[in-house]
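*Asks:*
Number of protein chains: 2
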Amino acid sequence: MTLPKAVKIVEVGPRDGLQNEKDFVSTATKIELINRLSAAGFPNIESASFVSPKWVPQMGDGAEVMAGIERRAGAIYSVLTPNLRGFEGALAARADEIVIFGAASEAFSQKNINCSIAESIERFVPVAQAAKEHGIRIRGSVSCSLGCPYQGEVPVASVVDVVERFAALGCDEIDIADTIGVGTPRRTREVFEAVTKVFPRERLSGHFHDTYGQALANIYAALEEGIAIFHASVAGLGGCPYAKGATGNVATEDVLYLMNGLGIHTGIDLNQVVAAGDFISTAIGRANVSRAGKALLAKQRSEPACA
Amino acid sequence: MTLPKAVKIVEVGPRDGLQNEKDFVSTATKIELINRLSAAGFPNIESASFVSPKWVPQMGDGAEVMAGIERRAGAIYSVLTPNLRGFEGALAARADEIVIFGAASEAFSQKNINCSIAESIERFVPVAQAAKEHGIRIRGSVSCSLGCPYQGEVPVASVVDVVERFAALGCDEIDIADTIGVGTPRRTREVFEAVTKVFPRERLSGHFHDTYGQALANIYAALEEGIAIFHASVAGLGGCPYAKGATGNVATEDVLYLMNGLGIHTGIDLNQVVAAGDFISTAIGRANVSRAGKALLAKQRSEPACA
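Chains E and H are the protein sequences, given in the same order. Heads up: the first sequence at position 256 corresponds to 256 in the working numbering, and the numbers run straight through without jumps. Heads up: the second sequence at position 42 corresponds to 42 in the working numbering, and the numbers run straight through without jumps.
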């Protein structure tokens, strides 16, 4: 077993996390969060979404957020773009990377956007072309890769099919996303084993949710498959829209603690991330759900320390 | 990679979990919890502690608990015995197995019981002899196997040393316990690789805490080392005495969800365990910290379901 020596951690809290928080988070708070994450050393931060504010009011201030943040040289600031109009916004906001979405589950695609998987990805053709013309990176995210809230089991072949479609669109990076956190390590390895046959391993990422507590075990299993890009959300921002009170995105602090313990380089300062997680949890009045974050904060605040 | 086809899950919530809960839990509630866990199919339940009620008032009703439970044929009901007096209590209570403790950390041993590791284990000689005479199983638990709240790093050789001492005492089973949850998968594998050289793999167990969110990744890593006995606490009962507000024992529901996903046989009904976790959390007015437990309860209570 040889694990990667270094991994890229993509911080998705400011977009994927906050999008699932109920109350509107002020633009200033979003900007401070992103600035703190940049300072902590993240090479890639999913920062905003250029979707219609009618659908996602939480993300209505994407242009202001992107204009207000201090960008660290070399870091990638990604934004979601569902269509050409969103792409225009991303372009004006000087996004480094756009993110497009497709589900590996036909039932999910039909229920969520009322069209087939194939149609949904076809719609991104003009967006991808525009991004290529402007030299902007494209990331494709394959949701429901390990299971679907509507159809349950998702065939590995469906995941491979969506990865191939995203590859054909020219995606620079493709996320295997366990949107509802139902995956376990064996399935995780099976899916990555299959998709690495059709897309370069070093440009595939794992996006895991901790809804059933499996995220870190799945990340470890993915590392064993040579995967070296992982998504995480500071303080575990964002819940599971399919189960009230359940956990959503895996917490960044927990992922960093894992990587540090494995001796895998991330370039990110865990203590600064713990502080950023404490900042945003306090700012929005939400429980910090990172276990490592809570333990390290408790350690700072009391004695005897927990290690 | 070949994982075990079946594992034994030792439910430690009624003892290790409840012992770390602040308010006294009634004897009737403890009995109902154990009965529910027996009905769910656990082959082994850590049920009580025969320590001085002066030191651990929460466990002062061990005799009543053991007398009140309905025992499932073939299941093992374990109790903690710090000394001969405790052993007499265990014997009178018809315990199937006694549990004795030793730390792999010299600093922890000195700080907690004011003697060296070697002395602390020497003190168990008469207890172990008495257990052997009465045909009662002996389990030895090696605390701080992956790290210590006082000395930090714990050498692998220290863990091996304690395992050898427990083996010499005649222990039937030995737990490698990450008392403060600081371990990560590489270290977990290193420790198990070392201890399996001095004690049979099939009689070694992994006792993990989720304080830094690493428990399931560590369990998965231990499975890869062929370990097939794991401890878990329903609803994640018990906190971390070294960090207020932090998580303690890994939640049984999360461990069972992992095993089910890996196709590993446990003989335990996850749904009954989820119900037992809901019962005890409600009964003692404490948040259920099992992620799988919360997700499955949310799924039962609302639609659309999370998978």
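For each residue, glycine too, the CB sits at the ideal point set by N, CA and C. Predicted model only: the values in this text are computed from it and were never measured.
1) Assign alanine 276 (chain E) to one of three DSSP states: helix, strand, or coil.
2) Of the residues that make up the stretch 174-201 of chain E, which ones have a beta carbon closer than 7 Å to any beta carbon in chain H?
3) To the nearest angstrom, how far is it from the Cα of alanine 6 (chain H) to the Cα of histidine 231 (chain H)?
4) Entirely within the stretch 57-114 of chain H and at least 4 residues each: give me those alpha helix (DSSP H) ranges in chain order.
5) Rounded C-beta distance between threonine 252 (chain H) and glycine 13 (chain H)? I'm assuming under 8 Å.
6) Helix, strand or coil, according to DSSP, for valine 123 (chain H) in the structure here?
7) Going by DSSP, what residues sit across from histidine 265 (chain H) in a beta bridge?
8) I'd like to know if the stretch 217-224 of chain H and the stretch 183-195 of chain H are in contact, where contact means that at least 3 CB-CB pairs between them fall below 8 Å.
9) Going by the beta-carbon positions, is the gap between valine 250 (chain E) and aspartate 278 (chain E) smaller than 9 Å?
10) Leaving aside the five residues before and after aspartate 254 (chain E) along the sequence, list all residues of the same chain whose C-beta is less than 7 Å from its C-beta, in chain order.
11) Closer than 8 Å between beta carbons: that is the criterion. Which residues of the stretch 207-223 of chain E meet it against chain H?
12) Do isoleucine 117 (chain E) and alanine 104 (chain E) have their C-beta atoms closer together than 9 Å?
13) Just to check my reading of the structure: valine 51 (chain E) and glycine 86 (chain E) have Cβ atoms closer than 8 Å, yes? What is that Cβ distance to the nearest angstrom?
14) Can you confirm whether the stretch 126-140 of chain E touches the stretch 98-115 of chain E when touching is taken to mean that 3 or more C-beta pairs between the two stretches lie within less than 8 Å?
15) Classify asparagine 288 (chain H) as buried or exposed, calling it buried when 16 or more other Cβ atoms lie within 10 Å of its own Cβ.
16) With DSSP as the reference, label alanine 307 (chain E) as helix, strand or coil.
17) Within 9 Å (strictly less), CB to CB, does alanine 130 (chain H) reach chain E?
18) Would isoleucine 31 (chain H) and isoleucine 69 (chain H) qualify as a contact pair, given that the criterion is a beta-carbon distance under 9 Å?
19) Which two residues bound the contiguous beta strand (DSSP E) that contains glycine 293 (chain H)?
20) Under the assumption that methionine 66 (chain H) contacts valine 56 (chain H) (Cβ atoms under 8 Å), give the Cβ distance between them as a whole number of angstroms.
21) Please classify cysteine 115 (chain H) as buried or exposed, where buried requires at least 16 other C-beta atoms within 10 Å of its C-beta.
22) Assuming isoleucine 284 (chain E) and glutamate 21 (chain E) make a contact with CB atoms under 8 Å, what is their CB distance in whole Å?
23) Can you pull the chain E residues whose beta carbon is under 7 Å from the beta carbon of asparagine 247 (chain H), in chain order?
24) Nearest to alanine 177 (chain E) by alpha carbon, out of E:Ser143, E:Arg139 and E:Leu262?
25) Any chance the CB of alanine 194 (chain E) is under 8 Å from a heavy atom of the ligand MN?
26) Which residues in the same chain as valine 156 (chain E) place their Cβ atom closer than 8 Å to its Cβ, once the five residues preceding and following it in sequence are excluded?
27) Run the CB neighbour count on glycine 261 (chain E), radius 10 Å, all protein chains shown included, and call it buried at 16 or more, exposed below.
28) Could you check the C-alpha separation between arginine 137 (chain E) and aspartate 172 (chain E) for me, to the nearest Å?
29) To the nearest angstrom, how far is the alpha carbon of leucine 33 (chain E) from that of isoleucine 280 (chain E)?
30) Can you tell me where the alpha helix (DSSP H) holding valine 156 (chain E) begins and where it ends?
31) Can you check DSSP and say which residues form a bridge with leucine 204 (chain H)?
32) In its own chain, which residues sit with a C-beta less than 8 Å from the C-beta of valine 154 (chain E), not counting the 5 before and 5 after it?
33) With a CB to CB cut of under 6 Å and the five nearest residues on each side skipped, what residues in its chain are close to arginine 201 (chain H)?
34) Buried or exposed, going by whether 16 or more other CB atoms sit within 10 Å of the CB of valine 300 (chain E)?
35) Taking the alpha carbon of leucine 3 (chain E) as the reference point, which residue from E:Val273, E:Ala40 and E:Met259 has its own alpha carbon closest?
36) At what residues does the alpha helix (DSSP H) containing alanine 287 (chain H) begin and finish?
*Replies:* In brief:
1) helix
2) Ile180, Val182, Thr184, Pro185, Arg186 and Arg187
3) 14 Å
4) 62-68, 84-92 and 106-113
5) 7 Å
6) Looking at the sequence shown, residue 123 (chain H) is not valine but arginine. Here arginine 123 (chain H) sits in coil by DSSP.
7) H:Ala6
8) yes
9) no
10) Leu216, Ser290, Arg291 and Ala292
11) Asp210, Thr211, Tyr212, Gly213, Gln214, Leu216, Ala217, Ile219, Tyr220 and Ala221
12) yes
13) 6 Å
14) yes
15) buried
16) Here alanine 307 (chain E) scores only 42 on pLDDT, less than 50, and its place in the model is too uncertain to base an answer on.
17) no
18) yes
19) That residue, glycine 293 (chain H), is in no beta strand (DSSP E); its alpha helix (DSSP H) goes 291-301.
20) No, methionine 66 (chain H) and valine 56 (chain H) are not in contact; Cβ-Cβ is about 16 Å, not under 8 Å.
21) exposed
22) 6 Å
23) The sequence shown places threonine at residue 247 (chain H), rather than the asparagine named in the question. Result: Arg291.
24) E:Ser143
25) Within the structure as shown, the ligand MN is missing, as the structure has no ligands at all.
26) Glu190, Val191 and Ala194
27) buried
28) 6 Å
29) 7 Å
30) 156-169
31) H:Ile174
32) Ala104, Ser105, Cys144, Ser145, Leu146, Gly147 and Cys148
33) Gly226
34) First, the amino acid is wrong: residue 300 (chain E) is glutamine here, not valine. With fewer than 16 other Cβ atoms within 10 Å, it is exposed.
35) E:Met259
36) It is not in any alpha helix (DSSP H) - alanine 287 (chain H) carries neither H nor E in the DSSP assignment.
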